[in-house]
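Everything in the first sequence is counted per my numbering, starting at 1120 for the first residue and increasing by one. Yeah, the Cβ is synthetic: ideal placement off N, Cα and C, and Gly gets one too. Reading through the C-alpha cells given below for one structure.
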Amino acid sequence: MKIVKGFRDILPYGSTNSDSSYTWTSITNQLRDVMSSYNFQEIITPVAEYDSTFKTGIGEDTDIVSKEMYEFTLDKDNKETSKNQILKYCLRPEGTAPVVRSLIENSLDKIRSVNKLYYLGPMFRYERSQKGRYRMFHQIGAELIGSNEILYEVEILSLAEKLIKTLEIKNFTFQINSIGNKESLDNIRSAILAFGKKNKNSIDEKDYKILEKNPLRFLDKAIHKYAFKDIPKTIDYIDKESMNRFKLLTKLLDDIKFNYKINNQLVRGIDYYNDLVFEATSSDLGAQDALLAGGRYDTLIQKFGGKSNESIGFAAGIERLILAMNRKNKYESSIDFFIIYKEEETIEESLKLALKLRNLGIKVEIDLERRSFTKQIKLADKSRSKKTIIISKNNLDKALVVVKDMNSGEEDSVNIENNLEFLINQLKV
RNA sequence: GUGGAUGUAGCUCAGUUGGUUAGAGCACCGGUUUGUGGUUCCGGGGGUCGCGGGUUCGAAUCCCGUCUUCCACCCCA
1120 MKIVKGFRDI LPYGSTNSDS SYTWTSITNQ LRDVMSSYNF QEIITPVAEY
1170 DSTFKTGIGE DTDIVSKEMY EFTLDKDNKE TSKNQILKYC LRPEGTAPVV
1220 RSLIENSLDK IRSVNKLYYL GPMFRYERSQ KGRYRMFHQI GAELIGSNEI
1270 LYEVEILSLA EKLIKTLEIK NFTFQINSIG NKESLDNIRS AILAFGKKNK
1320 NSIDEKDYKI LEKNPLRFLD KAIHKYAFKD IPKTIDYIDK ESMNRFKLLT
1370 KLLDDIKFNY KINNQLVRGI DYYNDLVFEA TSSDLGAQDA LLAGGRYDTL
1420 IQKFGGKSNE SIGFAAGIER LILAMNRKNK YESSIDFFII YKEEETIEES
1470 LKLALKLRNL GIKVEIDLER RSFTKQIKLA DKSRSKKTII ISKNNLDKAL
1520 VVVKDMNSGE EDSVNIENNL EFLINQLKV
C-alpha cells in the first residue's frame, strides 16, 4: 500500500506547515478571505476534464499538455459511446481552462457581464518532483472575465500581492511585461528566430531546437546562458495600443506604490496570454521559485466557442506560498476547555458538562480513561488548552466548578447552573 | 527524460576493518516527584535496518537490480 508518487498526505500531526492539516486549513481560509475581500466568488470545477479542454485551452505544443498531463481512457466508455469516438480524460493541470469551460457551459457570461471568480484545489502534472514541485499540488487562482478595463489589471495585481502579504511572505518580487497582441507576438517570434539564426554558431544544439520550436520559450529560459548583446525585447515589437496600455499600467501601479520590475524577457509557458504577463518569485525557494503567475487572455473564451470576452487572471501555488512563509509551527491547534475530574465518581457529571458546552460550539476535551488528576492536568497542558474546568465532588454538590487559566494560573469559582455564560465570556478575554 | 545524493523505531540520527538478542535523543504509554500542569527520576511498548536477489559459516554493513525521497537540469505554480 503506497501513496502515488509525487502526491502527499496532509496529516493532523504534520511536522511542517505544509503537511499539517490544521495549518493547511488556516492558510487556505486566509487566502479565501482575501479573495472574498476583493469580491471574487468561488467556482468549484471537477478535478477531471476531457483532454480537449486543455488541448485547445493551453495549447498542444506546450510542455504541460504534450508531456505533463495525467491522461486516461476507460474501457467501459466504449459500450456507451459510438466506437469510433474515444473519450480521453485527464486530471486538470491548471485551473483557468476549466473555469472558462464552465463559464461558457453554464452561461455565466450571460448572467453577468463581468465575472470575478476564484478557485482553490488540486492540480496534477506529471513531472520529476523536487522541492516546491509536486505531481499533485494546489493552486488558488483568480479570473476576471469580461472586461479589458486596465484598472482591473491593477486590481488583479494588487489582489495577487495581497495574498502574498497576508501570509507574511517577505522576499518576493513582481515582474511584469507586455507581449502585445497576436500580431506582435508573431513579430517577436520572427525577430527572435532571426536573431537566433544570426547567432546559430554560438547556441547549443539543444537550445537551438527550442528556439526553432518555440522562440518565446527560448527568450524566456535559454537566453540567460549566453552573453548576447542586442537581444530582442518584446517591448520593441508590440503594437502601439498594447504599448500604451503597458505604459498606462505602469503609471497606475506607480500611483498606488505597487512594487514591480519590468522584465522584457518574461513570457509564459501557456499559449493563451496576450498583453500583460506577470510573475511573482521568491528568493527563498530555490529552483522552483515562482509563487504565482498570470496575465491577460483576451482570446481564450472565443477559442472555447464563447463570445468575445476579454479576461485576466493568475494562479498561485499554495505549497510554494507555504514554503516561502519560512516559519515553522506558527499555527497550532488548541482547545478552549479541558475538563478535569478530581474523583472518578464525578466522571459522568463531567462528561455531561462537556457535552453541554460542546453543544454551544465550544471546543472541549475530557479524558474518559479515568486517569489520575495529575495525569489529566498534564494532558490539558499538552493539548494546549486555554483553560481547565476542575470538578470535585464537594463543589459539584453546590453546582460549582473551578475554572483555571492555564497561562496565568488564576482560578475562579463558577456556578454552572445559573452562570454558564460566565464560562463562555471567559473565552473572549 | 538526464545527472548527483538519500533510505536504520512515529521524528532526528548513531551503528567502528562484515561477527552473536540493532542503539540514543525526542515523541508515545505507565509510574514517580513538583501544593493542581510545562520540572525530576524510573520503567515500558514499538524496527522484516526501503524492497528483491547475490557473495559469505555469518550482511544494517560488500556486490547487482529495483523503488522512494531529495538536489540540479528541464519545466513551471
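Proximity of P1351 and A1310 at Cβ, strictly below 8 Å: yes
Contact between the segment 1163-1174 and the segment 1184-1191 (3+ Cβ pairs under 8 Å): yes
Extent of the continuous alpha helix (DSSP H) run through S1469: I1466 to N1478
L1440: first and last residue of the uninterrupted beta strand (DSSP E) it sits in: No beta strand (DSSP E) holds L1440; the alpha helix (DSSP H) holding it covers I1437 to M1444.
Alpha-carbon spacing of T1353 relative to E1262, whole angstroms: 25 Å
Start-to-end residues for the beta strand (DSSP E) that takes in E1398: N1393 to S1401
E1568 versus D1524 - alpha carbon distance: Since the first residue of the chain shown is 1120 and the last is 1548, residue 1568 is not available in this structure.
Length at least 4, wholly inside the segment 1478-1539: the alpha helix (DSSP H) runs in chain order: 1492-1501 and 1512-1516
Contacts around N1448, its chain only, beta-carbon distance under 7 Å, and the 5 residues preceding and following it disregarded: Reliability of the predicted coordinates at N1448 is poor, the pLDDT of 49 falling under 50, and the value obtained from them is presented with this limitation in mind. Excluding sequence neighbours, N1448 sits near nothing in its chain.
Cβ-Cβ distance between I1183 and R1244 below 8 Å: yes
Opposing strand residues paired with S1430 [DSSP bridges]: I1264
T1418 - DSSP class collapsed to helix/strand/coil: coil
Segment contact flag, the segment 1415-1425 with the segment 1374-1381, C-beta cutoff 8 Å, min 3 pairs: no
Alpha carbon of E1536 to alpha carbon of L1542, nearest angstrom: 11 Å
I1389, DSSP secondary structure in three states: coil
Contained beta strand (DSSP E) runs [length at least 3] in the segment 1234-1299, N- to C-terminal order: 1234-1243, 1255-1264 and 1291-1297
Limits of the unbroken alpha helix (DSSP H) element including I1327: The displayed chain sequence assigns Tyr, not Ile, to residue 1327. Looking at the DSSP string, the run of the alpha helix (DSSP H) that includes Y1327 is E1324 to K1332.
Candidates Q1545, S1527, N1544 and L1515: closest to N1534 by CA position: L1515
Classification of S1155 by the beta-carbon crowding that lies within 10 angstroms, buried from 16 upward: exposed
Exposed unless 16 or more other CB atoms sit within 10 angstroms - verdict on F1313: The displayed chain sequence assigns Ala, not Phe, to residue 1313. Answer is exposed; the Cβ neighbour count stays below 16.
Distance, R1503 Cα to N1234 Cα: 43 Å
Of the residues M1120, T1181 and Y1141, the one placed nearest I1129, counting alpha carbons only: Y1141
At least 3 beta-carbon pairs within less than 8 Å: the segment 1212-1223 vs the segment 1426-1442: yes
The alpha helix (DSSP H) enclosing D1228, as first and last residue numbers: L1227 to I1230
Candidates S1452, Y1391 and K1501, of which the one nearest T1172 by Cα: Y1391
N- and C-terminal bounds of the beta strand (DSSP E) containing F1173: Unbroken run through F1173 is the alpha helix (DSSP H), D1170 to G1176; no beta strand (DSSP E).
Three-state class that DSSP yields for L1546 in the structure shown: coil
Own chain residues within Cβ distance below 8 Å of N1363, not counting five before or after: none
Spatial distance of I1275 from L1236 (CA atoms): 11 Å
The segment 1389-1407 in contact with the segment 1300-1308 per 3-pair CB rule at 8 Å: yes
Of the listed residues G1424, L1239, D1455 and E1187, nearest to R1220 (C-alpha basis): G1424
Check whether Y1157 and L1286 have beta carbons under 8 Å apart: no
Three-state class that DSSP yields for A1216 in the structure shown: helix
Residues that DSSP places opposite S1139 in a beta bridge: L1130
C-beta contact flag for N1333 and D1180 at 8 Å: yes
Distance CB(I1441)-CB(I1508) smaller than 8 Å: no
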